[in-house]
Structures are given as structure tokens and as C-alpha cells.
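Numbering (the numbering used here), first residue to last: 8 to 230.
Pasting the structure below:
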């Protein structure tokens, strides 16, 4: 048998045997590789059921939102399933979105549906990889820059992180071709306020939300 593990990072297929060999009192679980279909959520849900650490597990997982079998509806159902299988287990969820872009309303609805299934979830972290600056630009000598929009922080910020390369998609102009960058929802502070408000309404115990360029904490007013 292996020594008892508190921090486990492994591919999904290896985690069940590692938990059986080392005990089930995991406090930090990182799934290596990307989840690309609903069946993998089912497997992860079974793993979470076996962990004996209610309300104290930090879960890190990556999702390929461009995969053929991974729509936003499947993502919402998969996350909800994890909460249903182990409702009191997860205290922190870090969701990394690999490849592609997700629309603001889709991201809002995915977590609006899933968050109520995690009654002990206090911290939500949502990250995405940023593309290389200047990718797909027709004129290679043209310098591109992007400054995040300035907005009031709705709930109180712990910190504001400057992006290295904002996640963006290209806007097509018929006359000039691919010329400008539109920030992805995770890297656009003007989108954060609506997302935070919706998620906190459906999940009032949520205390902290982290985006690639901002960290927000919910302040409960007294009286």
C-alpha cells in the first residue's frame, strides 16, 4: 500500500487504483488531461463518492470545449452530476477551459445550473489558456494591443491580475480582413459583473470567484 495521500494529481483512469492503494482522505485532487465527454464526468463522480473528506476537497479539472462530445449542455450536466454524486465534498472548484471560446450566456447558464448542486462550494476558479499574440493576423508587421475595459468591481476585489495575453477571438471585417481582437468572456471585466450576480443569486454560499484577470469576493452587508 502507498502512504496516505492528501494531494493527488493523476490521469482520470489511474485515480481509482491510487485511492484504493493510499486511502481516500484526499484534500486536493487534480485531474491530468482534459475531460472531453460525459462518461468521464460519470467516472469522476464515482471517484468523488469514494473520497472521505466532506467539504474539504479542492478539485482541479480541465475541459475541452471544442470536443465533438462536449457541448455546453453536456458540460452543465456533467458538473451537476459531480455535485449530485458528492454534494458535500467539494469546497473549491478550479475549471480550466481548454481550446475554443465560450459565450458569456453559455458560461453563465452552465454554472447557474451546476452551482446549486455543490452546497459546500466556497471558491470557484475559472481559467483559460490565452492564444499567442498576433496569431492569424494578416499583416505580420502590424502590432496588436488590447487593454481590458475599465469597470467598477461589483462585489469587492481581493486583487486584480494583469493578463499576459488576453484570450481573444478575431473579428472579421470584409474590407480589411481579420484585423481586431475581441476579448474572451473570462478576460473581459465588463462581463464579470453579470456573471457574478447570477451565480451568487443561485448559490449564496459562494464566497470567492477567480478569473484570469480578476479575483472577486462577496461581501455580505450587515444590517
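Ideal Cβ placement from N, Cα and C applies to all residues, glycine included.
CA-to-CA distance, residue j to residue i, given in whole angstroms
i, j, result
"residue 18", "residue 56", "17 Å"
"residue 117", "residue 129", "17 Å"
"residue 22", "residue 227", "38 Å"
"residue 93", "residue 35", "15 Å"
"residue 103", "residue 83", "14 Å"
"residue 15", "residue 59", "14 Å"
"residue 161", "residue 65", "Here the model assigns residue 161 a pLDDT of 41, short of 50, so the residue's position is not dependable, and the following value carries that caveat. Whole-angstrom Cα-Cα distance: 26 Å."
"residue 74", "residue 68", "15 Å"
"residue 38", "residue 52", "12 Å"
"residue 123", "residue 211", "9 Å"
"residue 79", "residue 20", "23 Å"
"residue 89", "residue 97", "9 Å"
"residue 109", "residue 28", "38 Å"
"residue 26", "residue 41", "20 Å"
"residue 81", "residue 112", "15 Å"
"residue 172", "residue 200", "In this predicted model, residue 172 has a pLDDT of only 36, less than 50, meaning its place in the structure is not dependable; the value taken from the coordinates is given anyway. Between residue 172 and residue 200, the C-alpha separation is close to 21 Å."
"residue 194", "residue 12", "35 Å"
"residue 198", "residue 216", "13 Å"
"residue 24", "residue 225", "39 Å"
"residue 44", "residue 95", "24 Å"
Option in the options with minimal Cα separation from residue i
i, options, result
"residue 196", "205, 84, 221", "221"
"residue 131", "26, 203, 75, 40", "203"
"residue 99", "91, 200, 26, 125", "125"
"residue 49", "86, 37, 33", "86"
"residue 191", "205, 218, 208, 213", "218"
"residue 91", "54, 101, 109", "54"
"residue 101", "119, 70, 113", "70"
"residue 213", "127, 63, 133, 26", "127"
"residue 209", "13, 115, 63", "115"
"residue 47", "120, 76, 32", "76"
"residue 32", "223, 63, 133", "63"
"residue 106", "225, 135, 45", "135"
"residue 120", "24, 206, 44, 225", "206"
First through last residue of the alpha helix (DSSP H) which encompasses residue i
i, result
"residue 114", "111–121"
"residue 89", "79–92"
"residue 34", "Neither: residue 34 is in no alpha helix (DSSP H) and is coded neither H nor E."
"residue 131", "Looking at the DSSP string, residue 131 is not in any alpha helix (DSSP H); the run it does join, the beta strand (DSSP E), is 130–135."
"residue 204", "196–209"
Continuous beta strand (DSSP E) stretch holding residue i: start and end
i, result
"residue 16", "14–18"
"residue 103", "97–105"
"residue 225", "Taken as a continuous stretch (DSSP letters only), residue 225 belongs to no beta strand (DSSP E), as it is neither H nor E."
"residue 125", "From DSSP, residue 125 is part of no beta strand (DSSP E); its letter is neither H nor E."
"residue 217", "215–218"
Residue i CB to nearest heavy atom of the ligand FMN below 7 Å
i, result
"residue 196", "Ligands in the displayed structure: none, and consequently the ligand FMN is not present."
Length-filtered (4 minimum) alpha helix (DSSP H) runs lying within the segment 44–76 | 45–57
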